[in-house]
Amino acid sequence: MNHKTIEQKRILEALLFAAKNPMSAQELYERIPDDADIGLLLSELKKDYKDRGVNLVEIDSKWAFRTAEDLKDALVLEKQVSKKLSRAAMEVLAIIAYHQPVTRADIENIRGVATGKGTIDVLMELGWIKPGKRRESPGRPLTWITTTGFLDHFSLESITDLPGLDELRASGLLDRRPAMENLPSTGELFDEEGVEKEED
Amino acid sequence: MNHKTIEQKRILEALLFAAKNPMSAQELYERIPDDADIGLLLSELKKDYKDRGVNLVEIDSKWAFRTAEDLKDALVLEKQVSKKLSRAAMEVLAIIAYHQPVTRADIENIRGVATGKGTIDVLMELGWIKPGKRRESPGRPLTWITTTGFLDHFSLESITDLPGLDELRASGLLDRRPAMENLPSTGELFDEEGVEKEED
Amino acid sequence: MNSDYDKNFEEDKPHSPIAYGDIMMQADKKDDGALFLDIDGFEGPIDLLLKLAREQKVDLIHISILQLARQYLSFVDKARELSLDLAAEYLVMAAWLAYLKSRLLLPKNEDEEEELSGEEMAKALAFQLRRLEAIQNAAEQLFKRPQLGVDIYARGMAEGLDIDIDTSYDVDLYDLLRMYGDIQRRKDNSTYELIEYNLMSMEDAMAMMTRMLGKLPKKGIFSVWTTLTSFLPDGNKDKLLIKSSLASMLTAGLELAKQGRLEIKQDGLFKPIYIRAYERNREKDES
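Residue numbers (our numbering), protein chains in the order written: chain A, 1 to 200; chain B, 1001 to 1200; chain C, 2001 to 2287.
#1: Helix, strand or coil: how does DSSP classify Asp2164/C here?
#2: Within the same chain, show all residues whose beta-carbon is closer than 6 angstroms to that of Leu1122/B, passing over the 5 residues directly before and after it, in chain order.
#3: Check distances from the C-beta atoms of the stretch 1060 to 1086 of chain B to those of chain A and list, in chain order, the residues that come in under 8 angstroms.
#4: Between Ala18/A and Ala1074/B, what straight-line distance do the alpha-carbon atoms span, to the nearest angstrom?
#5: Does the stretch 1103 to 1117 of chain B come within contact of the stretch 63 to 72 of chain A, defined as at least 3 CB pairs closer than 8 angstroms?
#6: For Ala1014/B, would you say it is in contact with chain A, using Cβ-to-Cβ distances shorter than 8 angstroms as the test?
#7: Along the beta strand (DSSP E) that carries Lys1083/B, what are the first and last residues, could you check?
#8: Classify Arg52/A: buried if its beta carbon has 16 or more other beta carbons within 10 angstroms, exposed otherwise.
#9: Comparing the C-beta of Ile1110/B with each C-beta of chain C, is any distance below 8 angstroms?
#10: At what residues does the beta strand (DSSP E) containing Gln2266/C begin and finish?
#11: Is the beta carbon of Ala2053/C closer than 8 angstroms to that of Ala94/A?
#12: Which residues of chain B have a Cβ atom closer than 8 angstroms to the Cβ of Val57/A, listed in chain order?
#13: Name the two residues that bound the continuous alpha helix (DSSP H) containing Pro2045/C.
#14: Quick one: which chain C residues come within Cβ less than 8 angstroms of Glu91/A?
#15: Is any beta-carbon of chain B found at less than 8 angstroms from that of Asn17/A?
#16: Are Val1102/B and Ile1120/B touching if we call contact CB-CB under 8 angstroms?
#17: What residues in its chain sit with their C-beta under 8 angstroms from that of Leu2232/C, if we drop five residues either side in the sequence?
#18: Mapping the DSSP letters down to three states, classify Tyr2274/C as helix, strand or coil.
#19: Beta-carbon within less than 7 angstroms of Lys1062/B's beta-carbon, same chain only, minus the 5 sequence neighbours each way: which residues are those?
#20: Consult DSSP for Gly1187/B and reduce its assignment to one of helix, strand or coil.
#21: Who pairs with Phe1065/B in a beta bridge, going by DSSP?
#22: Determine the direct distance from the alpha carbon of Lys2078/C to that of Gly2033/C, and round the result to whole angstroms.
#23: Is it the case that the Cβ atoms of Thr143/A and Trp128/A are separated by a distance below 8 angstroms?
#24: At what residues does the alpha helix (DSSP H) containing Lys117/A begin and finish?
#25: Which of the residues in the stretch 2144 to 2159 of chain C, read from start to end, lie with their CB under 7 angstroms from any CB of chain A?
#26: Beta-carbon within less than 6 angstroms of Asp2285/C's beta-carbon, same chain only, minus the 5 sequence neighbours each way: which residues are those?
#27: Among the candidates Val57/A, Arg135/A, Asp37/A, Asp106/A, whose CA atom is the shortest distance from the CA of Arg158/A?
#28: Could you tell me whether the Cβ of Gly1053/B comes closer than 8 angstroms to any Cβ of chain A?
#29: For Leu2269/C and chain A, any beta-carbon pair shorter than 8 angstroms?
#30: Under 8 angstroms between the Cβ atoms of Leu1012/B and Leu1040/B?
#31: Any idea which residues DSSP pairs Ile1129/B with across the strands?
#32: For Leu2148/C, which of Ile110/A, Asp166/A, Ile59/A has the nearest alpha-carbon?
#33: Are the stretch 2063 to 2083 of chain C and the stretch 2122 to 2133 of chain C touching, with three or more C-beta to C-beta distances below 8 angstroms?
#34: Only counting the same chain, and skipping five residues up and downstream in sequence, which positions put a Cβ closer than 7 angstroms to that of Asp1106/B?
#35: If you measure from the beta carbon of Met2208/C to each beta carbon in chain B, is any gap under 8 angstroms?
#36: Does the CB of Pro101/A have a neighbour CB from chain C at under 8 angstroms?
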């Protein structure tokens, strides 16, 4: 590694240390001069930090330094106490993560119950979900997808790293259609208008 | 360095990385188990990071990671934003260029309006004008002249390269166009032939 | 398999002191009048069904839907005995399960080919349960992962990255010269003297027309019709003067017509304009 490359790696390291949020290769490229091979530098840096107390991790094609996962019990630090999620919110988050993009009606089909107004709000506020494209079906309903913040929070490199995703897909359980047309589901039988309104 | 020490150093590294404030040796000691030799670990860690993009620094007997001092400039992204100069600033600049050295009173005489202080400041900041000699007249007012930066920006060899009034007039930049002379010819305005015929 | 999950949820809802298993046990004790059943602990009828299914302690693939339906219906009966207000959706599910139960128990009616068989309905319900269980397990797995700010940390004192905006001014020599030209022009205009044009004023036109009208041959109270253009000064070569005379004469003519001193007519657009004098005083005298 020549002097120039070493300097570029130092800059990259400093950038990633200083950044408040994970940075994409493009963002890094804008701040590193000229001919730097960002991909190579990142993999070098990742290797340098592999066995250290701090690791370079990739999240949603963005890069950030994070404390090593195996030190979680050894770190005596102030925990970020966040509001404990309700069971409904955890389920809705899981449905959005595993079935995305999903509409509110999909979520209600799967849970068999209407989703309270606050549930989606809480997940949005946490920065874990965001609206995706509207689905090209009657009513063009809004869909929901997870964010980079969600992946970052749960140490997932990408959505395909969700635990058990492959098994769920293989077992056909990621089918989000109503299990049966005449199975009673709150969404269909009660207050559908009210539910729709909330979606907007 | 044995396995245990390496683990302790990793924890130390992670602690210093994640801490919200610089930590004293005592604070670190409380968070690292057993018999750790904090002093030794800190100096080891400091050595590890000596030539990297991030350094371990001691500030007021407290320890923290900081991006390397020599990379400060590399962390700042410079963005070029192109702006239009205000009309007032352009006029003042033009007057200074053509009439230098000019006092503020001169400028106001020529423009026929009061010149805000900000206008001169903007031009000073751009490095296009600078104060010249004081004029030997009552109150000894400050005069303004253009700089070599001004010549550079406008690609002029010298101030005498500015086109004179005659040349400006010849090039149409000083056109005097009284309204009447520019009226469309009669034929366009109304049916001249009709008028002519009646006249006959 | 789900014990951790249940425990988690119990923590989420500290106001529901009895876990589901306890409820069932107590509900089985018919003599226990002190029983209270927290229906809020369930996320809807499917969730309740799933809890009941887990009581069967078999893989959901082999679950007996018939048995499940019986369990659910007896649960709802007990809730009613205890005068609990069950949300409508729980009652709808109870009705549907009662129907399913009858479909499963009664011999298949060959005439009803259009409708789903009891077995198909049971299968769909089993799928719904399995899918919900899968997502509940997934949620549990997800929240077991190391979480940022709890298990894994970002840099605590990130300096942040600055953006230094370097403003450059988009001004060229042309702009500068143009601006100087503007100043000079403005300055010239401030001492600008009006060029005197040879024009006919309204006053002149009025005087001229009045004078000429008096000279026109008359028939009674009217003079003969005369074209407007004949009022124009003779032998004029100055086009601007001709134009302004025509305009002023017309305006003067309109003014005089308004005063009742003449009449104007035009046979059509761009046709000649005719004028004749009208003497109201003479009319009054004659009458």
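Here a beta-carbon is modelled for each residue, glycine too, at the ideal position from N, C-alpha and C. Since we're looking at a predicted model, the values are computed, not measured.
Taking the geometry as given:
#1: strand
#2: What sits at residue 1122/B in the sequence shown is Val, not Leu. If we look at Val1122/B and ignore the five residues flanking it on each side, its Cβ neighbours are Ala1089.
#3: Legend: CB atoms of the stretch 1060 to 1086 of chain B lying less than 8 angstroms from CB atoms of chain A belong to residues Phe1065, Thr1067, Ala1068, Leu1071, Ala1074, Leu1075, Leu1077.
#4: Rounded to the nearest angstrom, the gap between the Cα atoms of Ala18/A and Ala1074/B is 11 angstroms.
#5: Because the criterion of three Cβ pairs below 8 angstroms is not met, the stretch 1103 to 1117 of chain B and the stretch 63 to 72 of chain A do not touch.
#6: So yes, Ala1014/B belongs to the interface.
#7: 1077 to 1083
#8: buried
#9: It does; some Cβ of chain C falls within 8 angstroms.
#10: Run containing Gln2266/C: 2262 to 2266, per the beta strand (DSSP E) assignment.
#11: Between Ala94/A and Ala2053/C, the CB-CB gap reaches or exceeds 8 angstroms.
#12: In chain order: nothing, as chain B lies at least about 13 angstroms away.
#13: 2045 to 2055
#14: Glu2043, Ile2135, Gln2136, Ala2139
#15: Per the sequence shown, the amino acid found at residue 17/A is Phe instead of Asn. Yes, because at least one Cβ of chain B sits closer than 8 angstroms to the Cβ of Phe17/A.
#16: no
#17: Ile2242, Ser2245, Leu2246, Met2249
#18: strand
#19: Correct list, in chain order: Pro1022, Met1023, Ser1024.
#20: Only weak support is given to the placement of Gly1187/B: the predicted model assigns it a pLDDT of 39, under 50, and the question is left unresolved by the model.
#21: When beta bridges are read from the DSSP output, Phe1065/B appears opposite Leu1056/B.
#22: In this predicted model, Gly2033/C has a pLDDT of only 37, less than 50, meaning its place in the structure is not dependable; the value taken from the coordinates is given anyway. Going from the Cα of Gly2033/C to the Cα of Lys2078/C covers about 11 angstroms.
#23: no
#24: 117 to 125
#25: Arg2145, Pro2146, Gln2147, Leu2148, Gly2149, Val2150, Asp2151, Ile2152, Tyr2153, Ala2154, Arg2155, Ala2158, Glu2159
#26: With a pLDDT of only 48 at Asp2285/C, under 50, the local geometry of the prediction cannot be trusted, and the value read off the model is given with reservation. Correct list: empty, nothing qualifies.
#27: For the record, residue 158/A in the displayed sequence is Ser; it is not Arg. Comparing Cα-Cα distances from Ser158/A to each of Val57/A, Arg135/A, Asp37/A, Asp106/A, the minimum goes to Val57/A.
#28: Yes - at least one Cβ of chain A is within 8 angstroms of the one on Gly1053/B.
#29: no
#30: no
#31: Thr1146/B
#32: Ile59/A
#33: yes
#34: His1099
#35: Among the residues facing chain B, Met2208/C is not included, as its CB has no counterpart in that chain under 8 angstroms away.
#36: Not closer than 8 angstroms to any Cβ of chain C, the Cβ of Pro101/A fails to qualify, so no.
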